[in-house]
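Chemist: Sequences listed follow chains A and B, in order. 177 is the number that the numbering used here gives to position 177 of the first sequence; each next residue is one higher, with no gaps. With positions in the second sequence counted from 1, the corresponding number in the numbering used here is that position plus 250. Can you keep this structure in mind? I'll have questions shortly.
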Amino acid sequence: MIEVENLTKQFRVKRFKKITAVDDVSFKVNDGEVVGLLGPNGAGKTTIMRLLATVLTPTHGTARVGGFDVRAHPNDVRGILGILPEYWGLYERFTPREHLRMFGTFYDMDGVSLEKRIDKLIAMLDMSEYADRECTRFSKGMSQKVALARALIHNPQHLLLDEPTSGLDVMSARQVRQLITRSRAEARCVIVSTHILSEAERLCDRLVLIDAGKLVADGTPAELMQRTGKQNVEEAFLALLGREDVEVVA
Amino acid sequence: MRVIWVILRKELLDIVRNRRRMIMMAIFAFLVMPVIAVAPAAMVMTLTGKQAIADVTVPVQGMEYAPELMAYLKEQGIQVESAKGIEELIRSKQFSVGLIVPSDYAEKIKSGESAQVILVKDSSKQLDLIGARLTIELEKYNQSLLDERLQKNNLSQDFLEPLHVETRNTASEAETAGSMLSLLIPGFLIGFAMSAGMPVAVAAVAGEKSKLTLEPVLFTTVNRSKLVFAKLLAVLVNIVLTLSANILALGFTLLVFVLVMLSVMSTRLSAAPASGPISMPFPMPMDYTLTPVMLIFLLLLLLLSPVPILILSASLQLMVSTWARNEEEAFTLLAPMSALSLFVVFAGFFMDEFIPSLWHYSIPIFGTILSMRDLLSGHLYAGSLFVMFTSSLVYAALILALAVWLFQREEVVFRT
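Structure representation (structure tokens):
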């Protein structure tokens, strides 16, 4: 389970000036649940992800991942979380297999079990063709898969996925969706940050809507549509943000 | 330990796999450096060789007034040619040097007066070896005339030198050489450590921040102190490897240099046996009057003495790289630090009268210079060496601790 309680994060931008990136946000993700973290650019989604990943420390409030408090037990939290960042951050001169081997070592994995896990991920994400090629000139999809495999190397209990299908072709996106569905079946918590509302509607059990660092709404897609009286998630999303005047330009 | 090894291996592989960088390094070390080192000297040597070997012809105005002098010059391999308008001949570059013998030359020589010959040359010419050679031969001829006159008047050479000044050097050859090398070697090492370590230190943290490769590592359970330590090791290993490669290249360069010089010298010796004794164009190695065991021990200490300063330099670079937003900022911050280090090195040039106290050995870089000067001069002061080693390592540890502390701070790690 992932529990977020009154989570607040402030950044100092000048000597006496602070901005609040995340403002008193609370929500819960149960085991076997996929939650979509939605919001416009700069809403605070990535900051929440980083707070859960323990690379940022909350100013107020806290969060617990698998029962571990992010403030008190950051290393335990990192050990059970698999994180796919928005920017993959791959080492250009290393192969996907080398990436996986290196990150596996960071999680104290080694030997045959690590190699087996690497082979399994390469097969699962259909990466065998380029598993031993340096990551230079990889397409978006290839890079995304390497980053995803890296996030899964230690078989994490819970997943934080930032734009997991962005840039992927139809087949690869489908594979990622299958992976998320399988994670749900395996009783893992999955938080997906995405801009693709149709995908959020299809994949997620619940949607958490963030705007300007604040929690705007938390509910199932059906609940959000019902609350706003809209026919689809996109319209409900705009209504909840109070930006219904935004028109689609063809 | 495994994590440290994995990170270190990753950093080193990243350097080695940067093919463009490796090729440039190899080209610089084994091609550019030898060419830069050898080409100018070889050109000068070849030119001096040619000028020395060449059958030199000097235009002389009034050669009929000094037949003995002309005969002497011919004996020395300098051909003389009767000419007029010497200055114009030199100005028009037809000759590089000429002589004018006044009509009263023979008369003045005969009467024991001082006769005059005018050497005409173009001072704007940088490498006028014919002029230099002619001057030497004229001075020799002058000396022979002087000897003749002294003999004629039953006078000895002492007559011309009532006061003879003799200089005695209290410093041994090793001390003199040590004094010179103690300025050059630390300067070379520190400059080298800064330039070789900087790209790796900058790429290891600031570069990873820019390329967004650091964050995924921070998501893992890897210990940040180990991460910083592994990166420090990577910087140090790179400095040592690059230094070794460059010393190898320097050795290769010196070998090429010596071979080229010897080739030029042998050509000169065989072609111009009459041109007098020729000394080696490069300094001979130091002659230490120490026992072999003591010499090996000193050399070992000499090799170890810059290690703390290299660790200190690498730690400093890593700390700055951690603090910097990106690679550009890291390089900008590190440039004045390199200049400051070199300033301390150059300060050594002005310490001839300086008698160091023990605490001076605790000044970073300066302490290393002092210690290396002692060792290169053949002196072993255990106390000062201990102060230098300990203080530099303490500074390095403090800076490294600061780097680790910075690495724990989110406002630094995410300062992009």
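Ideal Cβ placement from N, Cα and C applies to all residues, glycine included.
How long is the line joining the alpha carbons of I497 of chain B and K260 of chain B, rounded to whole angstroms?
Modeler: What you label residue 497 of chain B is simply residue 247 of the second sequence in a count that begins at 1. What you label residue 260 of chain B is simply residue 10 of the second sequence in a count that begins at 1. C-alpha separation (whole angstroms): 25 Å.
Chemist: Among the residues of its own chain, which have a CB less than 7 Å from the CB of E314 of chain B, if the five just before and after it don't count?
Modeler: Here residue 314 of chain B refers to the residue found at position 64 of the second sequence. Excluding residues within five positions, none has a Cβ falling inside 7 Å.
Chemist: Can you name the start and end residues of the alpha helix (DSSP H) that R341 of chain B belongs to?
Modeler: Here the question's residue 341 of chain B lines up with position 91 in the second sequence. Per DSSP, R341 of chain B belongs to the alpha helix (DSSP H) from 336-341.
Chemist: Would you mind working out which of B:T307, B:R474, B:V662 sits nearest K324 of chain B, comparing C-alpha positions?
Modeler: Translated into positions along the second sequence, residue 324 of chain B becomes position 74. Checking every option, the nearest Cα to that of K324 of chain B belongs to B:T307.
Chemist: Mind pulling the chain B residues with CB within less than 7 Å of G79 of chain A?
Modeler: Numbered from its first residue, the first sequence carries residue 79 of chain A at position 79. The answer, in chain order, is T471.
Chemist: Kindly indicate which residue of B:V288, B:V455, B:G457, B:M272 has the alpha-carbon position closest to the one of T503 of chain B.
Modeler: For this step, residue 503 of chain B is matched to residue 253 along the second sequence. If we check each option's Cα against that of T503 of chain B, B:V288 comes out closest.
Chemist: Going by Cα to Cα distance, which pick from B:L464, B:P586, B:R383 is closest to Q326 of chain B?
Modeler: For the purposes of this step, residue 326 of chain B is identified with residue 76 of the second sequence, where counting begins at 1. Proximity to Q326 of chain B across B:L464, B:P586, B:R383 peaks at B:R383, based on C-alpha coordinates.
Chemist: Taking the alpha helix (DSSP H) that V654 of chain B falls in, what are its first and last residues?
Modeler: Along the second sequence, one-based indexing puts residue 654 of chain B at 404. Unbroken alpha helix (DSSP H) run through V654 of chain B: 632-658.
Chemist: I'd like to know whether the C-beta of N75 of chain A is nearer than 8 Å to at least one C-beta of chain B.
Modeler: Within the first sequence, the letter at position 75 stands for residue 75 of chain A. Closer than 8 Å to some Cβ of chain B, the Cβ of N75 of chain A qualifies, so yes.
Chemist: Helix, strand or coil: which one does DSSP assign to N41 of chain A?
Modeler: Here residue 41 of chain A refers to the residue found at position 41 when the first sequence is read from its first residue. Note: N41 of chain A maps to coil in three-state DSSP.
Chemist: By Cβ distance, which residues of its chain are closer than 6 Å to G89 of chain A, with the 5 residues on each side in sequence left out?
Modeler: For the purposes of this step, residue 89 of chain A is taken as the residue at position 89 of the first sequence. Hits under 6 Å: none found.
Chemist: Compare the beta carbon distance of R150 of chain A and E33 of chain A with 8 Å and say whether it is the shorter of the two.
Modeler: Position 150 of the first sequence, counted from the first residue, corresponds to residue 150 of chain A. Position 33 of the first sequence, counted from the first residue, corresponds to residue 33 of chain A. Cβ distance not < 8 Å, so R150 of chain A and E33 of chain A don't count as in contact.
Chemist: Which residues in the same chain as R665 of chain B place their Cβ atom closer than 6 Å to its Cβ, once the five residues preceding and following it in sequence are excluded?
Modeler: Sequence index remark: in the second sequence, residue 665 of chain B carries index 415 (1-based). For R665 of chain B, where only same-chain residues beyond five positions count, the Cβ hits under 6 Å are R575.
Chemist: Go ahead and label A421 of chain B buried or exposed: buried means 16 or more other beta carbons lie within 10 angstroms of its beta carbon, across all protein chains shown.
Modeler: Mapped onto the second sequence, residue 421 of chain B falls at position 171. Label assigned to A421 of chain B: exposed.
Chemist: Taking the continuous beta strand (DSSP E) assigned at F604 of chain B, which residues delimit it?
Modeler: Residue numbering aside, residue 604 of chain B sits at position 354 when the second sequence is read from its first letter. Premise fails: F604 of chain B is in no beta strand (DSSP E) and is neither H nor E.
Chemist: Note down, in chain order, each residue of its chain lying with its Cβ closer than 6 Å to the Cβ of F68 of chain A, except the 5 sequence neighbours on either side.
Modeler: Counting from one through the first sequence, the residue named residue 68 of chain A turns up at place 68. Only D76, V77 meet the Cβ criterion.
Chemist: Does any residue of chain A have a CB that is nearer than 8 Å to the CB of P449 of chain B?
Modeler: Here residue 449 of chain B corresponds to residue number 199 of the second sequence, with the count starting at 1. It does not: the Cβ of P449 of chain B has no partner Cβ on chain A nearer than 8 Å.
Chemist: Any C-beta of chain A within less than 8 Å: which residues of the stretch 565-577 of chain B qualify?
Modeler: none
Chemist: Against chain B, which members of the stretch 147-161 of chain A pass a CB distance test of less than 7 Å?
Modeler: R150
Chemist: According to DSSP, simplified to helix, strand and coil, what is S571 of chain B?
Modeler: Here residue 571 of chain B corresponds to residue number 321 of the second sequence, with the count starting at 1. Here S571 of chain B sits in helix by DSSP.
Chemist: Return the bridge partner residues of T220 of chain A from the DSSP annotation.
Modeler: Residue 220 of chain A sits at position 220 when you count from the first residue of the first sequence. T220 of chain A is not bridged to any residue.
Chemist: Count the other CB atoms, across all protein chains shown, that sit within 10 Å of the CB of S172 of chain A; report buried if there are 16 or more and exposed otherwise.
Modeler: What you label residue 172 of chain A is simply residue 172 of the first sequence in a count that begins at 1. With 16 or more Cβ atoms within 10 Å of its Cβ, S172 of chain A is classed as buried.
Chemist: If you count every other CB in all the chains shown that lies within 10 Å of the CB of G447 of chain B, and 16 or more means buried, which is it?
Modeler: Taking the second sequence and counting its residues from 1, the one referred to as residue 447 of chain B is at position 197. G447 of chain B is buried by the Cβ-count criterion.
Chemist: By Cβ distance, which residues of its chain are closer than 7 Å to M530 of chain B, with the 5 residues on each side in sequence left out?
Modeler: On the second sequence, residue 530 of chain B is found 280 positions in, with the first residue counted as 1. At M530 of chain B, the pLDDT of 41 sits below 50, so the modelled position is not reliable and the matter cannot be decided from this model.
Chemist: Specify, as a first and last residue, the run of the alpha helix (DSSP H) that N392 of chain B falls within.
Modeler: By one-based count along the second sequence, residue 392 of chain B stands at place 142. From DSSP, the alpha helix (DSSP H) with N392 of chain B extends over 379-402.
Chemist: Distance cutoff 8 Å, beta carbons only. Does T463 of chain B sit that close to anything in chain A?
Modeler: Taking the first residue of the second sequence as 1, we reach residue 463 of chain B at position 213. Yes, T463 of chain B counts as interfacial toward chain A.
Chemist: Show which residues of chain B have a CB atom less than 9 Å away from the CB atom of P282 of chain A.
Modeler: Nothing in the structure corresponds to residue 282 of chain A, since chain A is present only between 1 and 250.
Chemist: Hey, how far is the Cα of V490 of chain B from the Cα of S565 of chain B?
Modeler: For the purposes of this step, residue 490 of chain B is taken as the residue at position 240 of the second sequence. For the purposes of this step, residue 565 of chain B is taken as the residue at position 315 of the second sequence. For V490 of chain B and S565 of chain B, the distance between alpha carbons rounds to 15 Å.
Chemist: Quick one: residues in its chain with C-beta nearer than 8 Å to the C-beta of L209 of chain A, no 5 flanking neighbours on either side, listed in chain order?
Modeler: On the first sequence, residue 209 of chain A is found 209 positions in, with the first residue counted as 1. Once the five neighbours on either side are set aside, the close Cβ partners of L209 of chain A are L38, G39, L215, V216, A217, D218, L224, F237, L240, L241.
Chemist: Looking at L548 of chain B and L625 of chain B, is the spacing between their C-beta atoms short of 8 Å?
Modeler: Here the question's residue 625 of chain B lines up with position 375 in the second sequence. Here the question's residue 548 of chain B lines up with position 298 in the second sequence. In contact: L625 of chain B and L548 of chain B (Cβ atoms closer than 8 Å).
Chemist: In angstroms, rounded to a whole number, what distance separates the CA positions of F604 of chain B and F596 of chain B?
Modeler: In the second sequence, residue 604 of chain B corresponds to position 354, counting from 1. In the second sequence, residue 596 of chain B corresponds to position 346, counting from 1. Their backbone Cα atoms lie some 14 Å apart in a straight line.
Chemist: Give every residue of the same chain whose Cβ lies closer than 7 Å to the Cβ of Y391 of chain B, excluding the five residues on either side of it in the sequence, and list them in chain order.
Modeler: As a working mapping, residue 391 of chain B is identified with position 141 in the second sequence. These residues qualify, in order along the chain: L319, Y322.
Chemist: Using a cut-off of 8 Å between C-beta atoms, extract the partners of Y107 of chain A located in chain B.
Modeler: Start at 1 with the first residue of the first sequence, and residue 107 of chain A comes out as number 107. Here the neighbours are T470, T471.
Chemist: To the nearest whole angstrom, what separates the beta carbons of P85 of chain A and E465 of chain B, a pair I think is in contact under 8 Å?
Modeler: Here the question's residue 85 of chain A lines up with position 85 in the first sequence. Here the question's residue 465 of chain B lines up with position 215 in the second sequence. Contact between P85 of chain A and E465 of chain B holds: their C-beta atoms lie close to 6 Å from each other, under 8 Å.
Chemist: Rounding to the nearest angstrom, what Cα-Cα distance links Q265 of chain A and M109 of chain A in this structure?
Modeler: This structure cannot settle anything about residue 265 of chain A, because the visible part of chain A is limited to 1 through 250.
Chemist: Identify the continuous beta strand (DSSP E) that holds F27 of chain A and give its terminal residues.
Modeler: Translated into the one-based positions of the first sequence, residue 27 of chain A becomes position 27. Start and end: 17-29.
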